[in-house]
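In my numbering, the protein residues as written are 1095 to 1317. Glycine is no exception: its CB is placed at the ideal position from the N, C-alpha and C atoms. Worksheet: the structure to be examined is printed underneath.
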């Protein structure tokens, strides 16, 4: 995953397994806070902890939560915070990674704000969208939903493995696959060409998020 991790010298792990993004969320489950999830998944091998907050909280609360997760990640050996959607929050707390959805701030503007060394991910739900992002200043594409999703209302259509493989083949950017990814389909996703996976429900909504993270890491190591 050299194209992603070259921007983060402390995380240059491209000679190892595919990477794991774990997305924190408090709306799909009520057992764990963002911070608790961050501690559990960072302690069990998550490369990136993506702070996702879709509720309409004030900016101070978002910054406080994101800063807490960033501190937790800093205490781990390999995890890094990725702020979902909010470039202002990432900038305010000094975070160096952001993931932008299709309706978020333009990628080119985010790059100007966060600088050349920031890790910026874009979102693609189709081959056409991936093509449009080919010349954007992104470090990776979040592509999905591969197998559907249970964490979004009115989700984009399921892509499937064949279209994932086409996007991975055609895109100049590394691809992080997302969308109802389970342990059993990790090998198929990586075989299709994905550089890594992003997981929400299978970890955050599990009985043991730490153990679930460990199992995903193990599955990726075997790919």
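No Cβ-Cβ contact shorter than 9 Å links residue 1204 with residue 1191. DSSP, read as helix, strand or coil, puts residue 1234 in strand. By the neighbour-count criterion, in which a residue is buried when 16 or more other Cβ atoms sit within 10 angstroms of its Cβ, residue 1278 is exposed. For residue 1169, the enclosing alpha helix (DSSP H) starts and ends at 1153-1169.
Contact check between the segment 1260-1273 and the segment 1227-1238: three or more CB pairs, one atom from each, fall below 8 Å, which counts as touching.
No Cβ-Cβ contact shorter than 9 Å links residue 1306 with residue 1117. Here residue 1240 is near residue 1252, since their CB atoms are less than 9 Å apart. Looking only at 1257, 1125 and 1302, the smallest Cα-Cα distance to residue 1222 is reached by 1257. The beta carbons of residue 1137 and residue 1159 sit no closer together than 9 Å. The DSSP-derived three-state label of residue 1228 is coil. Restricted to the segment 1268-1296, the alpha helix (DSSP H) segments that are unbroken, complete and at least 4 residues in length are 1280-1285, listed in chain order.
Selection 1172, 1184 and 1201 evaluated against residue 1229 yields 1201 as nearest (Cα-Cα).
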